[in-house]
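Heads up, the first sequence is in my numbering, so the first residue is 15 and it goes up one at a time.
By construction, the Cβ of each residue, glycine as well, lies at the ideal position given by its N, Cα and C atoms.
First the structure, in the form of structure tokens, and then the observations on it.
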Amino acid sequence: MRLSRFFLPTLKEDPKEAQIVSHRLMLRAGMIQQSSAGIYSWLPMGFRVLKNIERIVREEQDRAGALEILMPTIQPADLWRESGRYDDYGKEMLRITDRHERDMLYGPTNEEQVTDIFRTHVKSYKNLPLNLYHIQWKFRDEVRPRFGIMRGREFLMKDAYSFDLDYEGAKTAYNNMFVAYLKTFARLGLKAIPLRAATGPIGGDLSHEFIVLADTGESEVFYHKDLLTQKTPDRDNYTAEELQEIVDQWTSFYAAADDMHDPDKCDVSGDDLVTRRGIEVGHIFHFGDKYSNAMGATVAGAEGKDVTVSMGSYGIGVSRLVGGIIEASHDDDGIIWPESVAPFKVGLINLKSGDDACDGACDDFYSKLMTAGVDALYDDTAGRAGEKFAKMDLIGLPWQATIGPRGVKSGMVEVKNRGTGEKQELSTDDALNLLVGKA
RNA sequence: CGGGGCGUAGCACAGCCUGGUAGUGCGCUCGCUUUGGGAGCGAGAGGUCGCAAGUUCGAAUCUUGCCGCCCCGACCA
Numbered sequence: 015m016r017l018s019r020f021f022l023p024t025l026k027e028d029p030k031e032a033q034i035v036s037h038r039l040m041l042r043a044g045m046i047q048q049s050s051a052g053i054y055s056w057l058p059m060g061f062r063v064l065k066n067i068e069r070i071v072r073e074e075q076d077r078a079g080a081l082e083i084l085m086p087t088i089q090p091a092d093l094w095r096e097s098g099r100y101d102d103y104g105k106e107m108l109r110i111t112d113r114h115e116r117d118m119l120y121g122p123t124n125e126e127q128v129t130d131i132f133r134t135h136v137k138s139y140k141n142l143p144l145n146l147y148h149i150q151w152k153f154r155d156e157v158r159p160r161f162g163i164m165r166g167r168e169f170l171m172k173d174a175y176s177f178d179l180d181y182e183g184a185k186t187a188y189n190n191m192f193v194a195y196l197k198t199f200a201r202l203g204l205k206a207i208p209l210r211a212a213t214g215p216i217g218g219d220l221s222h223e224f225i226v227l228a229d230t231g232e233s234e235v236f237y238h239k240d241l242l243t244q245k246t247p248d249r250d251n252y253t254a255e256e257l258q259e260i261v262d263q264w265t266s267f268y269a270a271a272d273d274m275h276d277p278d279k280c281d282v283s284g285d286d287l288v289t290r291r292g293i294e295v296g297h298i299f300h301f302g303d304k305y306s307n308a309m310g311a312t313v314a315g316a317e318g319k320d321v322t323v324s325m326g327s328y329g330i331g332v333s334r335l336v337g338g339i340i341e342a343s344h345d346d347d348g349i350i351w352p353e354s355v356a357p358f359k360v361g362l363i364n365l366k367s368g369d370d371a372c373d374g375a376c377d378d379f380y381s382k383l384m385t386a387g388v389d390a391l392y393d394d395t396a397g398r399a400g401e402k403f404a405k406m407d408l409i410g411l412p413w414q415a416t417i418g419p420r421g422v423k424s425g426m427v428e429v430k431n432r433g434t435g436e437k438q439e440l441s442t443d444d445a446l447n448l449l450v451g452k453a
């Protein structure tokens, strides 16, 4: 993509409403535009990152055996009356009345909707286990939206729902998602730690939240330092026993958010206990028959009798992750995107647009990158060098390739790693090989 | 939901107290000079001062009401 043809409204100054770093950088890097409190438009740069995160989340859900569907944003109130949550949910639920005076709502979550799908079509234990997920916009009318995209009212969430015949099956489904989450967050370049969590209004008796460590996180977390050095599971198709082992291993270390942390009951000694701040980016629940019972989601068991299915739900805040990743990965100059989610892999800087030699070398290098399938943003604009460097650092592409009058004669390209700041002068071919290898 | 703050050009802000032709910097457009870390000079474009009512000869400025947004706390993917 040529920058001259792109839409990238960057800002030199900090918008005053943006207090935390991810919000500031997202606005400055032209990723989002606020529409109203807690509601944002996604501009091309932001949308690309959002889609990359969504893609990774989807791939890992698919690998874990979950099946993607798409449920609507607008739901009928009657479904929620069945579960009893229409009255329980309170003002966070955005309620809408259609032209026929029917009560509708903008879904804050989809347990009722998915349970309705399940009970309509699944009648036999032979069709279990089943895990259905979707990646859809949610709306929760938060009293106080803040932190930009991190706590919006409208947000993109992956939510999966598992259906099993009994508790043991449900626990395996839960463990399966637990492991899928470890893999997902690792691919996103994040250190995410699972914490035992209170189950809250969704109900149930087993729940973990996944926290990304970042200094600007909303809550304080306490954990054993060895938790961060655990090996991320990397295989597919673990058996139930293997899943349990992995979960047992990861949960054997002490980890608690401030609301669950009790210094008296914490047996981790001083140096081993780490205290940091974190952002919740995922949450998994086992809640048994809370919804299946209320809504009549039963299947015929092996003995021919109806059995109420055991369910769990598993959320990942996809849009929140955009902010979460920035919180976890930035410096004074701007964002540092992990390669897996970067909007482009390489930023190509033409230091002297309008100069025939520079233009020629850059155009040539750019077309080679494209031919090699490297997603590059080519700054072919007439700006000055400093301005181009600053902008490239701000938007945080993992690799920068700079071609200017100095190197063009000798056929050299300067390649910079945005994360480490390391620069190297390479021949065009070597630079190309390096960047192709990374993409 | 309790407490606090702010609405003036795309962004950051001054002007308001003490009413009298709407300003500054950045950004944007054009020209020239520059060109390896957010350039210099010159010339431009861009604002019904959040909305409404009131006071006044006259309101960005004073009064009242409304709307919007942000921050702190309690609550949440």
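When DSSP labels each residue in this structure, what does residue 20 get in the three-state scheme?
coil
Span of the beta strand (DSSP E), counted from its first residue to its last, around residue 236
233 to 238
Just to confirm my understanding: we take residue 138, look at its own chain, exclude 5 residues before and 5 after, and list those with CB closer than 8 angstroms. What are they?
313, 314
Simplified DSSP state of residue 337, which is helix, strand or coil:
helix
What residues match up with residue 300 in a beta bridge as DSSP calls it?
220, 326
How about the segment 197 to 204 and the segment 335 to 355: do they share at least three Cβ pairs that are nearer than 8 angstroms?
yes
Does residue 252 come out as helix, strand or coil in the three-state DSSP assignment?
coil
Contacts around residue 165, its chain only, beta-carbon distance under 6 angstroms, and the 5 residues preceding and following it disregarded
159
Are at least three pairs of beta-carbons, each pair with one atom in the segment 287 to 301 and one in the segment 189 to 199, less than 8 angstroms apart?
yes
Given residue 289, which residues of its chain have a CB within under 8 angstroms of its CB, disregarding the five upstream and five downstream residues?
234, 235, 236
Residue(s) in a DSSP beta bridge with residue 169:
152
Going by beta-carbon coordinates alone, are residue 87 and residue 309 separated by less than 8 angstroms?
no
Three or more C-beta pairs below 8 angstroms linking the segment 357 to 369 and the segment 381 to 398
yes
Helix, strand or coil for residue 258 per DSSP?
helix
Do the segment 412 to 420 and the segment 441 to 452 meet, that is, are 3 or more Cβ pairs less than 8 angstroms apart?
yes
Considering only their Cβ atoms, is the gap separating residue 411 from residue 371 smaller than 8 angstroms?
no
For residue 141, I'd like the list of residues in its chain whose CB is within less than 8 angstroms of its CB, leaving aside the five on either flank, ordered along the chain.
313
Count the CB pairs spanning the segment 274 to 291 and the segment 97 to 114 that are closer than 8 angstroms, and state whether there are at least three.
no
Alpha-carbon to alpha-carbon, residue 36 and residue 343
9 angstroms
Thinking just about the alpha-carbon of each residue, which of 449, 408, 185, 124 is nearest to the one in residue 305?
124
Go through its chain and collect everything with a Cβ distance to residue 18's Cβ below 6 angstroms, but skip five positions before and after it.
394, 395
Output yes or no for whether 8 angstroms exceeds the beta carbon distance between residue 59 and residue 44.
yes
I'd like to check one pair, residue 330 with residue 198: are the Cβ atoms closer than 8 angstroms?
yes
Assuming residue 120 is part of the beta strand (DSSP E), what are its boundary residues?
117 to 120
Taking 8 angstroms as the threshold, find out whether the segment 144 to 159 comes into contact with the segment 265 to 278 through three or more Cβ pairs.
no
Are the beta-carbon atoms belonging to residue 155 and residue 324 less than 8 angstroms from one another?
no
Would you tell me roughly how many angstroms separate the C-alpha atoms of residue 318 and residue 136, rounded to the nearest one?
14 angstroms
Paired residues, beta bridge with residue 208 - DSSP
224
When burial is assigned at 16 or more other CB atoms within 10 Å of the CB, is residue 251 buried or exposed?
exposed
Can you give me the Cβ contacts of residue 131 inside the same chain, cut-off strictly under 8 angstroms, excluding the 5 residues immediately before and after it?
83, 85, 146
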